[in-house]
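Numbered according to full-length UniProt numbering, the sequence shown spans residues 1 to 134.
Idealized CB from N, CA, C, for every residue including glycine.
In what follows, a single structure is set out as structure tokens and then discussed.
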Amino acid sequence: MTYAIIETGGKQIRVEPGRFYDIELLTAEPDEKVTIEAVLLVQNDGEVTIGQPLVSGATVEGTILRHFRDRKVLVYKMKPKKKTRKKRGHRQEVTRLLINSITLNGTVFAAEAATDESPVVDDAPAQEAETVAE
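See the structure below:
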């Protein structure tokens with residue numbers, strides 16, 4: 001299993017190839033490829049590379065799927081016995097990013113391709129249930 005810890009939008013996120021993540025808003029358009037070079041850690045099959053603070057030669061490639069606004073966060077402030085109440089909401093703009101690959105010193109770790117095996121079908125005839133009269 002391969003994963004990396006990247007820093008984007010002031011947050012650190014553990015990412016794996018082939019999965020998508022909601023991160024802070026990026027300025028690129030949907031279906032555009034982006035490269036994140038702020039990689040803090042890379043792990044591939046038990047071999048861990050830790051940066052101080054960043055791993056040199058490591059990048060994470062991704063594709064922007066879409067931009068949207070996250071769920072609303074409600075903030076309610078009140079002062080007791082003063083008839084003062086404030087209710088405010090905030091919706092953060094986020095980007096959904098699909099991680100295509102993790103690169104470390106020229107070695108590319110991509111998502112495992114889906115196998116084209118057909119599902120196993122049981123061709124045995126179904127057994128009929130016996131009825132018992134009491």
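- According to the DSSP assignment, K77 belongs to the beta strand (DSSP E) that extends over 73-79.
- For T103, the closest alpha carbon among the candidates L97, V75, A38 is that of A38.
- Of T59, N100, E112, the smallest CA-CA separation from Y21 is found for N100.
- Put simply, the segment 72-91 does not touch the segment 50-64. Fewer than three CB pairs are less than 8 angstroms apart.
- Using a C-beta cut-off of 8 angstroms, the segment 11-28 makes contact with the segment 84-95, since at least three inter-stretch Cβ pairs fall below that distance.
- Here V55 carries a coil assignment [DSSP, helix/strand/coil].
- For E24, the uninterrupted beta strand (DSSP E) segment begins and ends at 20-24.
- Within the DSSP bridge table, the entry for N44 names T2, E47 as partners.
- Between the alpha carbons of N44 and K86 lies a distance of about 50 angstroms.
- Taking every protein chain shown into account, the CB of G9 has fewer than 16 other CB atoms within 10 angstroms, so this residue is exposed.
- Straight-line spacing of the CA atoms in L41 and Y3 works out to 8 angstroms.
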